[in-house]
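Numbered per the numbering used here, the sequence shown spans residues -16 to 385.
We put the beta carbon where it would ideally sit given N, CA and C, even for glycine.
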Amino acid sequence: PALAVLAATPESVRSVFFPYQDGLPQHPGVASDTTIDQDNWQVAEAVLLPEILSLIQAGDFRIRVQATTDLPVRTPYLEASLAHAQQARLTETGQVEHYQAGRPFPVLDAADPQAGLKALWNFRYRDLPQTLDIRAYVRGINSAGTIDRSNVGRMRMRFGMHRVGDEHNDPQWQEKGIYMRATFRLVAPADQEGRMRIMTVFDDDSQPQEILSYNPLNRRIRKSHSNLLARMGGGRYDILMEEQPPLYFIGYLHEYEWTYLTERLLLLPGFLQDDEVSFGGKNNWYPEAPWELRRVVAVEAMPKAGHPYGRRVFYLDVQTYALLAVLSYDADGQFARLTLNVHGHPDYVPGAQGVRMPVPLGMSWVNVQREDAAVFTAGAPRLNGPDSPRRYDLMELLRMGK
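Right, here's the structure in full:
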């Protein structure tokens, strides 16, 4: 197993979880309530990604700045990270061993050749609720700004392993190595109403994810493995199944080469002080949510085999490990698609119920080559509501399909 390059001392671990303890970041000309657009983009040039800057220069959208949100992780998650900071290791195949709970690799070293993969394991094991229930709205918007396809459904998910604090692991799931299960039921369009699926994600990244799907037309249930590179909606949306909202990325980590690029201060979507997000800008492709100066880790993903995209760069929030943005490039290395993720501040989302963590509210996938976009909004998100592992088994699918 690979050895850590830097030792994770209690002091170094705490500093990672409190990146703003010495004050909120500042940048000249990028103060709270500033609007960055095609007339004054120069003030933010040093803290914007070039791909995003070019869209602002073209007038595709503008940015409203708010002060950096200091949103520490929950105390039990921090305590678990401190208690187990020296235990987790990567195996020769890139799996994590000796992990229990918390952030597995809180202290990253840019000199460590495995730092990129460790960052993605930090993302996979970020502080997440025991359960999340949302009403999911997905829409496709063409180059004329017309919504030409849409789906509405109900999504519920449950995490059954590596829980912290008063949350408990599900014994049967833990025995089977089930990290997460999610159910989805389509409500619209009418010709697809009632279709359902249960997705099972295993803690072992090398174990194929499973799908149980139900079709009300023939009342049959089919079991299969997830095709994570398929596009959602039967190919109707430029969203890969591995990117499906509100999970952001559930692809197999072992199918990519992960490279740690940098940690830096960037202007990216921040934490919305509201419980729903709207969209505006060119063709209503872009979320109208405030952006913040945040410390982020940039990690490059290169697929080891065939993939609809070539290189992708993930921008992960240092404090929470929320995924804030993704840049996707085609096989020739040309910028192809911008993904922006909007999280709500838990104090402004009634359904957060006091669970202090980023709440998924919306996403947009803007394909700048095809002049097309897909957008997602999470309606009435609820964290840690009444739930049971039994809701995620075959009998539940049969009961709901009656």
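- In this structure, residue 342 places its C-beta atom within 8 Å of the C-beta atom of residue 327.
- Residue 103 and residue -1 have their alpha carbons spaced roughly 16 Å apart.
- Remark: C-beta atoms of residue 358 and residue 122 approach each other more closely than 8 Å.
- If you keep only unbroken alpha helix (DSSP H) runs of at least 4 residues inside the stretch 130 to 173, you get 154 to 159.
- Using a Cβ distance threshold of 8 Å, residue 249 and residue 279 count as a contacting pair.
- Pairing residue 91 with residue 98 gives a Cβ-Cβ distance under 8 Å.
- Residue 302 sits buried, since 16 or more C-beta atoms from the chains shown fall within 10 Å of its C-beta.
- Taking the Cα of residue 202 as reference, the smallest distance to any Cα among 157, 314, 368 and 177 is reached at 177.
- Listed in chain order, the non-local C-beta contacts of residue 138 below 6 Å within the same chain comprise 117, 119 and 167, local neighbours out to five positions each way being set aside.
- Rounded to the nearest angstrom, the gap between the Cα atoms of residue 17 and residue 9 is 13 Å.
- The distance from the Cβ of residue 323 to that of residue 351 is about 13 Å, inconsistent with a contact at the 8 Å cut-off.
- Residue burial annotation: residue 205 is exposed, with fewer than 16 other C-beta atoms found within 10 angstroms of its C-beta.
- Under the rule that a run must span 3 or more residues, the beta strand (DSSP E) segments found entirely inside the stretch 229 to 315 read 239 to 252, 274 to 286, 295 to 300 and 306 to 312.
- Cβ-Cβ distances below 8 Å link residue 269 to 43, 44, 262, 263, 323, 347 and 349 in the same chain, with the five nearest sequence neighbours on each side left out; the list follows chain order.
- In chain order, 224, 225 and 234 place their CB closer than 6 Å to the CB of residue 211, counting only its own chain and leaving out the 5 sequence neighbours on each side.
- DSSP places residue 44 in no beta strand (DSSP E); its state is neither H nor E.
- Setting aside the 5 residues that flank it on each side, residue 182 is surrounded in the same chain by 165 and 194, each with a C-beta closer than 6 Å to its C-beta; the list follows chain order.
- Taking residue 88 as reference, the option from 133, -7 and 271 with the minimal CA-CA separation is -7.
- The residue among 245, 151 and 7 with its C-alpha nearest the C-alpha of residue 371 is 151.
- Within the model, the alpha-carbon separation for residue 111 versus residue 142 is close to 8 Å.
- When the Cα atoms are used, residue 334 and residue 239 turn out to be separated by approximately 35 Å.
- Taking the Cβ atoms as the reference, residue 197 lies roughly 5 Å from residue 380, within the contact range of under 8 Å.
- Taking C-beta atoms under 8 Å as the contact rule, residue 337 and residue 52 fail to qualify, at a distance of about 17 Å.
- At the C-beta level, residue 244 and residue 296 come within 8 Å of one another.
- Only exposed fits residue 128, as fewer than 16 other CB atoms lie within 10 angstroms of its CB.
- Residue 219 and residue 132 have their alpha carbons spaced roughly 8 Å apart.
- Taking all protein chains shown into account, residue 207 has fewer than 16 neighbouring C-beta atoms within 10 Å of its C-beta and is therefore exposed.
- From the listed residues 293, 285, 339 and 330, the smallest Cα separation to residue 319 is found for 293.
- Scanning its chain for C-beta atoms nearer than 7 Å, with the 5 sequence neighbours on each side dropped, one finds around residue 231 the residues 306 and 324, in chain order.
- Considering only 298, 257 and 175, the residue with the shortest C-alpha distance to residue 105 is 298.
- In this structure residue 247 is exposed. Its beta-carbon is surrounded by fewer than 16 other beta-carbon atoms within 10 angstroms.
- Of the residues assessed, residue 144 falls on the buried side of the cut-off, its CB having 16 or more other CB atoms within 10 angstroms.
- Partner residues in the beta bridge of residue 181, as assigned by DSSP, are 166 and 195.
- Here the alpha carbons of residue 180 and residue 213 stand approximately 15 Å from one another.
- Within the same chain, 139, 141 and 166 come within 8 Å of residue 374 by CB-CB distance, once the 5 residues on both sides are set aside.
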